[in-house]
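Comments concern the structure below.
As structure tokens, this is what we get:
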């Protein structure tokens, strides 16, 4: 018995690709937010070390000219951090595909168990012991194959759970970063007006 089937490897590669895309999109978002500050110099001695990230952002935004500040503010506010296609893909997969697979497998196992029960209680079929044995063996083989399918679906579910957890963590980081930038922008707007 082999450890992984070819289709499990393909599924794992697809989900690894989704994780890589999610990280790429997060890094690009992070880079977009940092772009206006590439050429700014901040005196590290004036940074409040306990709140280094926020203070650095504050000092950076404060150094921007009013015109550039307005453009950066508009750019930051135009990001839609809640609309992510990966969330929708995971949601559809969980609700539709995974649920459908589990339902079909559950119905199949129920039918096989009912057939085994029928074969066990039917005295007419037991008279031809070779035929009865072959029928029971066929049903047990089908149940064994069903168990393999359950393991595959479980594997897919576990990998999908990993993708979902990665996405949830990145979404949290994205929202925290976005909120930090918005808070600093709003504070500087108050000071300038």
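In this note's numbering, the protein residues as written are 117 to 309. Built from N, CA and C at the ideal position, the CB exists for glycine as well.
Using the Cα positions of residue 296 and residue 171, report the straight-line distance between them to the nearest angstrom.
11 Å
In chain order, what are the residue ranges of uninterrupted beta strand (DSSP E) at least 3 long that sit wholly in the stretch 183-210?
none
Exposure label - residue 157; buried when at least 16 CB within 10 Å:
exposed
At the level of alpha carbons, what is the spacing between residue 275 and residue 134?
11 Å
Ordered list of alpha helix (DSSP H) runs contained in the stretch 231-304, each at least 4 residues:
239-243
For residue 156, which of helix, strand or coil comes out of DSSP?
coil
Count the other C-beta atoms from every protein chain shown that fall within 10 angstroms of the C-beta of residue 272, then say buried if there are 16 or more, exposed otherwise.
buried
Going straight from the alpha carbon of residue 278 to that of residue 301, what length do you get?
35 Å
Starting from the Cα of residue 182, find the closest Cα among 280, 152 and 142 and give me that residue.
152
Would you report the Cα separation of residue 259 and residue 210, rounded to the nearest angstrom?
25 Å
Do you know how far the Cα of residue 265 is from the Cα of residue 143?
37 Å
Residue burial classification, residue 290 (beta-carbon count within 10 angstroms, cutoff 16):
buried
Alpha carbons only, please: which of 173, 198 and 251 is nearest the one belonging to residue 141?
198
Per-residue DSSP class, three states only, for residue 176:
helix
Check each candidate in 288, 130, 247 and 189 and name the one with the smallest Cα separation from residue 299.
189
If residue 203 sits next to residue 288, beta carbons under 8 Å apart, how far is it from one beta carbon to the other, in whole angstroms?
With 8 Å as the limit, residue 203 and residue 288 do not qualify as a contact, their Cβ atoms being about 13 Å apart.
Cβ-based burial, residue 148 [other Cβ within 10 Å; buried from 16]:
exposed
On the CB-based measure, 16 or more other CB atoms within 10 Å of its CB, does residue 123 come out buried or exposed?
exposed
Report the three-state DSSP secondary structure of residue 224 (helix, strand or coil).
helix
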